[in-house]
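Visitor: Could you have a look at this structure, given as structure tokens, before my questions?
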Amino acid sequence: MTTADPRVAGIPAGLAAPGTTGAPYRPLLPVEALPSGTMRRVSLGDLDVLLAHTSDGIVATDDRCPHMAAPLSLGALDGCAVACPLHRGVFDLATGETLQHPTTGGLDADGAVHPTWTPAGSEPKPDPPGAKADARRLTRTRRIRFYPVRIADGVIEVALPVEVVPPTHVVGDR
Ligand code: FES
9 MTTADPRVAG IPAGLAAPGT TGAPYRPLLP VEALPSGTMR RVSLGDLDVL
59 LAHTSDGIVA TDDRCPHMAA PLSLGALDGC AVACPLHRGV FDLATGETLQ
109 HPTTGGLDAD GAVHPTWTPA GSEPKPDPPG AKADARRLTR TRRIRFYPVR
159 IADGVIEVAL PVEVVPPTHV VGDR
């Protein structure tokens with residue numbers, strides 16, 4: 009890393025992704041492909057990694073919303089807050105915590121129950137009946153888990169579980 013390289017954000021205590029202790033770093037993306045305030049998805053086999061250049065620095069996590077797995081790379085990044093495109097959940101990439109619970113309600117990371125809610129200016133949607141309502145109510149929004157990041161020779165490298173294959177493609181420019 010040089011003094012010109014962007015900062016790498018730290019991983020909140022206890023929120024390193026499983027399998028990353030001692031995992032090899034893999035080159036994923038040139039730093040110039042991830043300007044400040046942007047996000048990109050890098051796919052390795054069936055693992056979709058989100059690279060985000062937040063106001064705290066670069067982070068890597070799964071490109072799956074911690075609510076119902078929508079691609080966060082299609083959402084909006086504001087500082088360290090990423091807004092999911094699906095149910096208006098907002099998540100803090102500095103802490104791994106939920107800033108705004110999804111509209112569908114459900115459980116938070118500690119198991120507390122959150123009701124459904126309707127954004128201002130929208131018509132309230134009736135709760136779906138039966139198993140669908142139960143599934144919403146019992147869906148737990150977990151804390152975000154992070155992959156270790158480093159920058160080497162102008163390339164963003166991420167420590168990933170060893171079984172993943174080399175990068176297959178990169179999408180997104182947000
Ligand atoms: S899938 Fe992201 S808020 Fe529901």
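Once you know that position 164 of the sequence shown is 172 in our numbering, the rest is easy, because the numbers rise by one and skip nothing. Think of the CB as a built atom: it goes at the ideal place given N, C-alpha and C, for glycine as much as any other residue. Bear in mind that the values here come from a model prediction, so they are computed numbers and not experimental data.
Can you tell me whether Val-121 is buried or exposed? The criterion is at least 16 other CB atoms within 10 Å of its CB, across all chains shown.
Guide: Looking at its Cβ environment, which holds fewer than 16 other Cβ atoms inside 10 Å, Val-121 is exposed.
Visitor: Nearest CA to the CA of Gly-162: which residue from Pro-32, Val-39, Ala-31?
Guide: The shortest Cα separation from Gly-162 among Pro-32, Val-39, Ala-31 belongs to Val-39.
Visitor: Ordered along the chain, which non-local residues of its own chain (more than five positions away) have a Cβ less than 7 Å from that of Val-6?
Guide: Past the boundaries of the shown model lies residue 6; the chain is included only from 9 to 182, so the question cannot be answered.
Visitor: Is Met-76 near the ligand FES, with its Cβ less than 7 Å from a heavy atom?
Guide: Correct: Met-76 has its Cβ closer than 7 Å to the ligand FES.
Visitor: Run the proximity test for Pro-123: is its beta-carbon closer than 7 Å to any non-hydrogen atom belonging to the ligand FES?
Guide: Answer for Pro-123: no, Cβ out of range of the ligand FES.
Visitor: With a 10 Å radius around its C-beta and 16 neighbouring C-beta atoms as the bar for buried, classify Ala-167 as buried or exposed.
Guide: Its Cβ being crowded by 16 or more others within 10 Å, Ala-167 is buried.
Visitor: Answer yes if the segment 39-58 comes into contact with the segment 128-137, meaning at least three C-beta pairs across the two stretches below 8 Å, and no otherwise.
Guide: The segment 128-137 vs the segment 39-58: no contact.
Visitor: Who are the near neighbours of Leu-8 in its chain, counting only those whose CB is closer than 8 Å to its CB and skipping five residues on each side?
Guide: A question about residue 8 goes unanswered here, because the residues of the chain that appear run from 9 up to 182.
Visitor: Kindly provide the ranges of any beta strand (DSSP E) runs that are 3 or more residues long and lie completely inside the segment 58-99, ordered along the chain.
Guide: Counting only runs of 3 or more, we get 65-70, 84-86, 89-91.
Visitor: For Glu-165 and Arg-148, what's the separation of their Cα atoms in angstroms?
Guide: Answer to the nearest angstrom: the Cα atoms are 30 Å apart.
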